[in-house]
Amino acid sequence: MTRLLKTAFGHTLVTLTLLFVFFGPGRAYRSNSTWITNSSICTSSTTGATTSSGTSSKPKVLIIGNTFEFTYLSGLNFTTSYTGPLLTSLYACTETGEICKLECGQELVSAQQITALALVPGIDLSATYVIITGTGGVNPKYGTAGGVAISQYSIQLEWLSMFLGSDLPANFSSQYMYAYAQASPFEYPSLVGSEVYELNTALVDRIAAISTDLEFEDVDSDLQRLRQTYLFEAARKAPFLAHCDVVSSQIYWHGDVAGHNVEVYANIVTSGAAKPCNTNQDDQGRLLGLAGAAEAGLLDFSRVAMIKAFSNFD
């Protein structure tokens, strides 16, 4: 796990070269959505100076991840932390103030904390590149453990309905996940909608292009032998950068049946545009908070990127 996390953050820092490039806007799709936050408390700690609320901060890059994931980040020294109303997560910056991090929890709690951060007096994220990073599972069709994904789409799974076991209707075959309140498993959601974010294509493509020559640290020999048991070529490869998408859920799943169902649902709600490979319990809440801040004019959603390492196979 340590090596995988180091790989993720190594690729994250490469994106600093994008600071001097301007990209067009990304988009956030919402369809008949009601937004409700009910989440757990996030705690964190740091060393160094703590500023008073209202102290100015205008970073070039903001890295967002879980608290434990930042323990694997080397090469950067976050010396100054900031406080603000309702901000309980750690927001800290390097000595120059150009690179900052937000340590926050998963899904809904991260949306609340990103909102709190964007509203802190003195913190200006209007020209900041935001990198959502960390780890998640991988669909063996599209990637391998130890690799990294740069993603354009993120899909919330909890908007679906599902059957279990013998309750599955005959017309559903093996597809037990489907869009809420639809009569068949392959219908686009029409009653309550979906939650899908699409990030800036130009930014995603640029990150992928400048990352092609990066070297990955491979897993140990036992795990190399294990990955050779998978049917898919991508799973059997040494770690590499995959250009594929996120399905974010507060439920973590494993296995081919669940993975196939998730992939079908993701294809339905994106009209086949997404290639879901990265599964985690983080990104949708973070994108929700960032999209809300962008709608309020507090940051530029076209500067948001998702770069996640693969810690395991689904």
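Under the numbering used here, the first residue of the sequence shown is numbered 182, with each subsequent residue one higher.
Backbone N, C-alpha and C define an ideal beta-carbon position, used for all residues, glycine too.
For clarity, every value in this text was computed on a predicted model and none was experimentally measured.
Self-check item: Close Cβ partners of Ser226 (< 6 Å) along its chain, the five nearest in sequence each way excluded
Solution: Translated into positions along the sequence shown, residue 226 becomes position 45. Legend: pLDDT at Ser226 = 44, less than 50; position of this residue unreliable, value from coordinates given subsequently. There are no such residues.
Quiz prompt | Neighbourhood of His435 by C-beta distance below 7 Å, restricted to the same chain and skipping five residues each side | solution = Here residue 435 refers to the residue found at position 254 when the sequence shown is read from its first residue. For His435, where only same-chain residues beyond five positions count, the Cβ hits under 7 Å are Asp495.
Exercise. With a cut-off of 8 Å on the beta carbons, I'd call Asn493 and Ser332 a contact; round off their distance for me.
Key: Here residue 493 is taken as the residue at index 312 of the sequence shown, counted from 1. Here residue 332 is taken as the residue at index 151 of the sequence shown, counted from 1. Actually they are not in contact, since the Cβ atoms of Asn493 and Ser332 sit about 17 Å apart, beyond 8 Å.
Self-check item: Local conformation of Ala486 per DSSP, three classes
Solution: As a position in the sequence shown, residue 486 is number 305, starting the count at 1. Strand, per DSSP.
Quiz item: Since Ala486 and Val385 are thought to touch, with beta carbons under 8 Å apart, how far apart are those beta carbons, to the nearest angstrom?
Solution: As a working note, residue 486 is residue 305 in the sequence shown. As a working note, residue 385 is residue 204 in the sequence shown. 7 Å between Cβ atoms; contact.
Quiz item: When DSSP labels each residue in this structure, what does Leu479 get in the three-state scheme?
Solution: Locating residue 479 in the sequence shown gives position 298, counting from the first residue. Three-state result, Leu479: coil.
Quiz item: What residues in its chain sit with their C-beta under 6 Å from that of Ala416, if we drop five residues either side in the sequence?
Solution: Here residue 416 is taken as the residue at index 235 of the sequence shown, counted from 1. Same-chain partners within the cutoff: Pro321, Thr325, Arg408.
Self-check item: When Phe421, Thr264, Ser347 are compared against Thr393, the one with the closest alpha-carbon
Solution: In the sequence shown, the residue the question calls residue 393 occupies position 212. Nearest C-alpha to Thr393: Phe421.
Quiz item: Under the DSSP definition of a beta bridge, which residues are partnered with Gln337?
Solution: For the purposes of this step, residue 337 is taken as the residue at position 156 of the sequence shown. Bridge partners of Gln337: Ser429.
Quiz prompt | Residues sharing a beta bridge with Cys274, DSSP | solution = Taking the first residue of the sequence shown as 1, we reach residue 274 at position 93. For Cys274, which the question treats as bridged, DSSP gives the partners Thr261, Cys281.
Quiz item: Can you give, in chain order, each stretch of the beta strand (DSSP E) that sits fully within the region 281-329 and has at least 3 residues?
Solution: The DSSP assignment places 310-319 as complete runs of the beta strand (DSSP E) inside the region 281-329, in order along the chain (cut-off: 3 residues).
Quiz item: In chain order, what residues of the same chain have a beta carbon less than 8 Å from the beta carbon of Gly278, not counting five sequence neighbours either side?
Solution: Here the question's residue 278 lines up with position 97 in the sequence shown. For Gly278, same chain residues with a beta-carbon under 8 Å away, outside a window of 5 residues either side, are Ser238, Lys239, Pro240, Thr261 in chain order.
Quiz prompt | Cutoff 6 Å; reference Cys285; Cβ partners in own chain excluding five residues on either side | solution = Position 104 of the sequence shown, counted from the first residue, corresponds to residue 285. These residues qualify, in order along the chain: Cys223, Ser270, Ser291, Gln294.
Quiz item: Counting Cβ pairs, one atom from each stretch, are 3 or more of them under 8 Å apart for the region 438-452 and the region 369-379?
Solution: yes
Quiz item: Taking just the CA atoms, how far does Ile388 sit from Leu306?
Solution: Taking the first residue of the sequence shown as 1, we reach residue 306 at position 125. Taking the first residue of the sequence shown as 1, we reach residue 388 at position 207. The alpha-carbon atoms of Leu306 and Ile388 are separated by roughly 20 Å.
Quiz item: Taking Cβ to Cβ, would you say Asn461 is nearer than 8 Å to Gln356?
Solution: Within the sequence shown, residue 461 is the residue found at index 280, counting from 1. Within the sequence shown, residue 356 is the residue found at index 175, counting from 1. No. Outside cutoff.
Quiz item: What is the C-beta distance between Val311 and Tyr263, in whole angstroms, given that I count them as a contact (C-beta under 8 Å)?
Solution: The count along the sequence shown starts at 1 and reaches residue 311 at position 130. The count along the sequence shown starts at 1 and reaches residue 263 at position 82. Going by Cβ atoms, the distance from Val311 to Tyr263 rounds to 16 Å, so no, they are not a contact pair.
Exercise. Would you decide whether Gly470 is buried or exposed? Buried here means 16 or more other CB atoms lie within 10 Å of its CB.
Key: Here residue 470 refers to the residue found at position 289 of the sequence shown. Result: buried.
Quiz item: Can you tell me whether Val438 is buried or exposed, with buried defined as 16 or more other CB within 10 angstroms of its CB?
Solution: Position 257 of the sequence shown, counted from the start, is the residue given in the question as residue 438. Val438 is exposed by the Cβ-count criterion.
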